[in-house]
């Protein structure tokens, strides 16, 4: 799991993050862990932090046909909803 997360972060921010970028990422992660116990709480919190974006839960389907809750983020008409198990 750690390698997947590292790969996703490096694709967006580059190979090495600055101390300030890491600090902001860790602070955000700690806040999410402490206050967001459900997907709805997560979406509401992120909508308050980033008011220019929409966060909503969508149903995703795995290759085996089972479904799971996914996240869709929309910013200025651009939609991103890659599933957790997608590369």
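Residue numbers (our numbering): 10 to 96.
For every residue, glycine included, the Cβ atom is placed at its ideal position computed from N, Cα and C.
Quick caveat: nothing in here was measured; it's all calculated off a predicted structure.
Item	Value
Could you check the C-alpha separation between residue 65 and residue 34 for me, to the nearest Å?	21 Å
For the alpha helix (DSSP H) that residue 39 lies in, which residues bound it at each end?	28-44
Is it true that the CB of residue 74 sits closer than 8 Å to the CB of residue 90?	no
Taking C-alpha atoms, which residue in 53, 67 and 31 lies nearest to residue 61?	53
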